[in-house]
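Single-structure report; data block below.
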Amino acid sequence: MLTALGCSRLVVNLDWLLWRVVVEWALMSHPVIDQVYAGADAPRGDFVFDERVAPVFSDMIARSVPGWSELVRLIGLIGARLAQPGARIYDLGCSLGATSASILARLPETAGTDADAIQLYAVDRAPAMLDELRLRLAPEIARGRLQPICADLLDLTIADACLVVMNLTLQFIPPAHRLPLLQRIRRGLRPGGALILAEKVAIADEDDLLTQLHADFKTAQGYSQLEIARKRAALEQVLIPDSPAAQLARLREAGFTRILPFFQCLSFVGWIAR
Ligand SMILES: C[S@@+](CC[C@H](N)C(=O)[O-])C[C@H]1O[C@@H](n2cnc3c(N)ncnc32)[C@H](O)[C@@H]1O
41 MLTALGCSRL
51 VVNLDWLLWR
61 VVVEWALMSH
71 PVIDQVYAGA
81 DAPRGDFVFD
91 ERVAPVFSDM
101 IARSVPGWSE
111 LVRLIGLIGA
121 RLAQPGARIY
131 DLGCSLGATS
141 ASILARLPET
151 AGTDADAIQL
161 YAVDRAPAML
171 DELRLRLAPE
181 IARGRLQPIC
191 ADLLDLTIAD
201 ACLVVMNLTL
211 QFIPPAHRLP
221 LLQRIRRGLR
231 PGGALILAEK
241 VAIADEDDLL
251 TQLHADFKTA
261 QGYSQLEIAR
271 KRAALEQVLI
281 PDSPAAQLAR
291 LREAGFTRIL
301 PFFQCLSFVG
311 WIAR
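Listed below in structure tokens is the structure:
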């Protein structure tokens, strides 16, 4: 016979299970193996989020970023805690919508027309990534909870936000534009609103141990040395990491006064900035 405690555990577990299913699906649906940099037809030049990358991106990011699933799940929890009724959430550089899905799965069920409904704007400038997001998150879009926007973040108006998320996106913004973008985000937040920022950071250490460990992580995920080297070269000019100290200084300069680290896995770090 189920006791009251047993019942409540069952409900909690079902809630957790449902969330896991939703998030795992968004993280891993269409689990096409990433072989973009494996063959003779590997792209040359700078890395782009195009038609070759979009279908394999879920696999690529999970096998390239240590702690990725946990990072996405944590952002869902943080989003639910900081969400405010009737406010907006922006997922900037949303890619296929894994982070958006994690947040939506934790938000109360309101229709897009309710006054208390939270509108989530998923923004990316890469049409191929957003096409894939539209397929994966069609039910949320149809229910009016998620609005995909194909736009450059540098042209986007951000207003009335309780939460802005940049999960591994700021690192792709040209350095000169980073502070002005953070300042605009800060101005677009409601009182009590927050920015969740996760970035690959440049941590100086004598023997570059974290860089070596990151390569070891990718090797353990099945990438060949050639794939790792090709992708590293492709990202060199487009993914420009800052040091943690530079990130913190810039967040403060942008007007954030309370900055909490919530995640670190090798050189991937996340902060909640308010
Ligand atoms: C590493 S992915 C981010 C992963 C994503 N946040 C997630 O949760 O799965 C970086 C994304 O940022 C987008 N991006 C880079 N620069 C951008 C810009 N200036 N405006 C809009 N999107 C941008 C890219 O198209 C790409 O989809």
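According to our numbering, the residues represented by the sequence shown are 41 to 314, in order.
Here a beta-carbon is modelled for each residue, glycine too, at the ideal position from N, C-alpha and C.
Computed from a predicted model, the values in this text were never measured in an experiment.
Reduced DSSP category for residue i - H, G, I as helix; E, B as strand; rest coil
i    : result
L229 : strand
E239 : strand
V112 : helix
R270 : helix
R298 : coil
S277 : The sequence given here places Gln at residue 277; Ser does not occur at that position. Three-state result, Q277: coil.
Q252 : helix
I118 : helix
L132 : strand
V72  : coil
Where residue i falls, given that 16 or more other Cβ within 10 Å makes a residue buried
i    : result
D164 : buried
W311 : buried
A244 : exposed
V72  : exposed
S283 : exposed
D247 : exposed
A216 : exposed
G119 : buried
Nearest-angstrom Cα separation, counted from residue j out to residue i
i    : j    : result
M41  : L54  : Here the model assigns M41 a pLDDT of 48, short of 50, so the residue's position is not dependable and the matter cannot be decided.
A313 : L177 : 27 Å
D81  : F87  : 14 Å
D256 : L306 : 11 Å
S109 : G116 : 11 Å
F308 : R174 : 27 Å
G133 : P214 : 14 Å
L275 : T197 : 28 Å
A166 : D99  : 18 Å
A269 : V241 : 19 Å
F303 : L250 : 16 Å
R218 : P148 : 33 Å
E239 : R183 : 31 Å
A162 : I101 : 18 Å
Report yes or no: do three or more beta-carbon pairs, one from the stretch 257-270 and one from the stretch 232-240, lie closer than 8 Å? no
Give, in chain order, every unbroken run of the alpha helix (DSSP H) that is at least 4 residues long and sits entirely within the stretch 134-205. 138-144, 167-176 and 178-182
Inter-stretch contact at 8 Å, needing at least 3 Cβ pairs: the stretch 186-204 / the stretch 126-142: yes
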